[in-house]
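In the working numbering, the protein residues as written are 23 to 453. The beta-carbon is built from N, C-alpha and C at its ideal position, and this holds for glycine as well. Comments concern the structure below.
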């Protein structure tokens with residue numbers, strides 16, 4: 023039976039949601055998911071209404087390497103992570119080093135690069151690194167496959183400080199259950215003067231570290247960590263840290279780590295990849311997992327100074343795995359499925375009602391800007407579409423990549439940056 027968890031049970035699990043860095047705009051993309059960690063860019067303008075027959079103009083394209091880290095952008099630079107792969111299509115054997123790279127956003131030229139040792143894990147579904155870097159001010163924060171946190175001067179690539187979650191904090195070396203050894207994948211979150219990270223181990227599922235020196239500000243929870251990025255929401259006038267992992271979604275006080283509320287969600291095999299989608303218009307949090315987890319919506323309720331959760335609906339057949347859906351107005355849009363094919367689905371967040379389904383997609387990452395939705399499928403096709411409660415219009419589609427693309431794209435102004443397991447590309451989507 024699913025429902026609100028008592029606080030005692032919450033100490034056995036993990037948190038997640040969305041909030042923009044101060045000063046971040048549509049001209050930057052400093053964290054996973056963009057300005058609001060939700061793949062919505064409300065300030066975007068100037069995108070073309072349609073694309074030429076051959077697709078949007080390619081500004082530049084260059085080899086990169088394997089990995090699922092998304093592309094971060096700020097101050098005219100791009101940042102991502104990769105690992106050299108010596109097989110076709112990003113397959114193994116793989117290098118035992120990971121690399122953090124800074125590129126000139128206009129040309130794709132390498133500005134600096136930093137390599138560090140990182141053991142190969144079970145990369146049968148694609149090599150790490152999996153987590154996305156975080157850019158805060160002039161510092162770049164990265165976390166590697168084996169829980170290696172490095173902090174760089176973003177302009178020079180000089181390491182400012184580093185932490186190894188395993189050797190420094192005693193965290194277990196594997197991210198999730200022992201038969202799944204793909205490595206760490208939860209992208210860090212900025213909050214005040216801290217970064218919030220999933221670590222793992224008794225009493226330290228989640229930690230807040232001082233951005234200046236990596237000292238521990240607080241630690242909380244004894245639950246299994248996941249690959250779902252943590253996030254922030256505002257509810258009842260207070261910030262809540264939301265982390266989706268193990269058998270539940272949890273809300274924490276981001277200043278202290280105190281667990282404020284929790285709601286059960288059995289993802290099955292601990293496959294929590296999605297950041298829950300929040301709307302302060304109705305206080306609804308939408309959760310989804312692939313495989314056997316399904317989707318559910320809960321509402322947060324303020325009750326005499328305590329936050330409780332109220333389950334609205336659960337659908338075991340609606341399954342968003344690791345490629346992100348989006349929420350627009352009252353509806354959640356995304357590709358539901360767990361095989362080679364998926365169905366684009368519009369779901370009313372408050373009721374779970376399916377408004378429509380559209381076939382002809384593989385699993386895809388969605389990004390919404392300037393009234394349009396960009397859909398990057400795992401098979402490499404990129405589509406410009408208009409999504410609405412009464413249906414979707416596919417405006418233009420172009421083949422972009424030849425290998426599997428599980429990395430969400432990045433939009434900076436009218437330039438789209440995307441990667442697969444071999445290349446990184448910049449496209450001009452402007453009018």
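Sort the options by Cα distance to residue i and report the nearest one.
i, options, result
"residue 504", "320, 72, 289", "The requested residue 504 is not part of the displayed model; the chain covers only 23 to 453."
"residue 143", "115, 87, 133, 124", "115"
"residue 296", "153, 127, 67, 262", "153"
"residue 228", "219, 234, 400", "219"
"residue 118", "89, 453, 188", "89"
"residue 99", "121, 425, 430, 127", "127"
"residue 316", "424, 359, 260, 129", "359"
"residue 304", "86, 356, 318, 322", "322"
"residue 151", "204, 173, 189", "204"
"residue 329", "341, 290, 280", "280"
"residue 125", "86, 332, 272", "86"
"residue 285", "326, 64, 237, 318", "318"
"residue 365", "258, 378, 231", "378"
"residue 67", "361, 399, 393, 419", "393"
"residue 178", "192, 160, 188", "160"
"residue 113", "69, 145, 367", "145"
"residue 213", "65, 101, 137, 58", "58"
"residue 132", "101, 367, 428", "101"
"residue 270", "248, 278, 242, 253", "248"
"residue 368", "353, 405, 172", "353"
"residue 176", "418, 371, 155, 215", "155"
CA-CA distance, residue i and residue j?
i, j, result
"residue 239", "residue 211", "14 Å"
"residue 266", "residue 451", "34 Å"
"residue 264", "residue 181", "29 Å"
"residue 208", "residue 72", "35 Å"
"residue 299", "residue 309", "7 Å"
"residue 374", "residue 339", "11 Å"
"residue 425", "residue 335", "37 Å"
"residue 55", "residue 306", "19 Å"
"residue 409", "residue 355", "8 Å"
"residue 134", "residue 111", "25 Å"
"residue 533", "residue 407", "In this structure the chain extends from 23 to 453, so residue 533 is not present and cannot be described."
"residue 430", "residue 397", "9 Å"
"residue 224", "residue 193", "8 Å"
"residue 188", "residue 222", "9 Å"
"residue 314", "residue 395", "28 Å"
"residue 185", "residue 252", "19 Å"
"residue 326", "residue 258", "11 Å"
"residue 164", "residue 419", "33 Å"
"residue 275", "residue 417", "43 Å"
Applying the 10 Å Cβ sphere with the 16-neighbour rule, what's the burial state of residue i?
i, result
"residue 49", "exposed"
"residue 234", "exposed"
"residue 363", "exposed"
"residue 446", "buried"
"residue 200", "Low confidence applies here, because residue 200 scores a pLDDT of 45, under 50, leaving its location unreliable; read the following figure in that light. Counting Cβ neighbours within 10 Å, residue 200 comes out exposed, since fewer than 16 surround it."
"residue 294", "buried"
"residue 443", "buried"
"residue 147", "exposed"
"residue 206", "buried"
"residue 453", "exposed"
"residue 94", "buried"
"residue 137", "exposed"
"residue 237", "exposed"
"residue 109", "exposed"
"residue 64", "exposed"
"residue 441", "buried"
For residue i, I'd like the list of residues in its chain whose CB is within less than 7 Å of its CB, leaving aside the five on either flank, ordered along the chain.
i, result
"residue 6", "This structure cannot settle anything about residue 6, because the visible part of the chain is limited to 23 through 453."
"residue 256", "302"
"residue 96", "50, 52, 157"
"residue 183", "173, 235, 236"
"residue 428", "90, 148, 344, 345, 400"
"residue 278", "240"
Going by beta carbon distance, what residues of the same chain come within less than 8 Å of residue i, once the five residues before and after it are set aside?
i, result
"residue 140", "105, 118, 119, 120, 150, 151, 166, 167, 168, 170"
"residue 448", "80, 81, 82, 83, 127, 130, 437, 438, 439"
"residue 311", "287, 289, 290, 293, 294, 295, 296, 317, 341, 342, 343"
"residue 434", "48, 49, 50, 51, 95, 127"
Apart from the five residues just before and just after residue i, which ones in its own chain have a Cβ nearer than 6 Å to its Cβ?
i, result
"residue 62", "390"
"residue 273", "262, 264, 282, 283"
"residue 215", "233"
Please confirm if residue i has its CB atom under 8 Å from at least one CB of chain C.
i, result
"residue 342", "Protein chains in the displayed structure number just one, and chain C is not present."
If you measure from the CB of residue i, is any heavy atom of the ligand ZN nearer than 7 Å?
i, result
"residue 182", "With respect to the ligand ZN, the structure shown offers nothing to examine, as it has no ligands at all."
- [ ] Evaluate the contact criterion for the segment 387-401 versus the segment 346-359: three or more CB pairs, one atom per stretch, below 8 Å.
- [x] Segment contact: the segment 387-401 against the segment 346-359, three or more CB-CB distances shorter than 8 Å; contact assigned.
Task: Touching by the beta-carbon criterion (3+ pairs, under 8 Å), the segment 100-111 and the segment 75-83 - done: Segments in contact, no.
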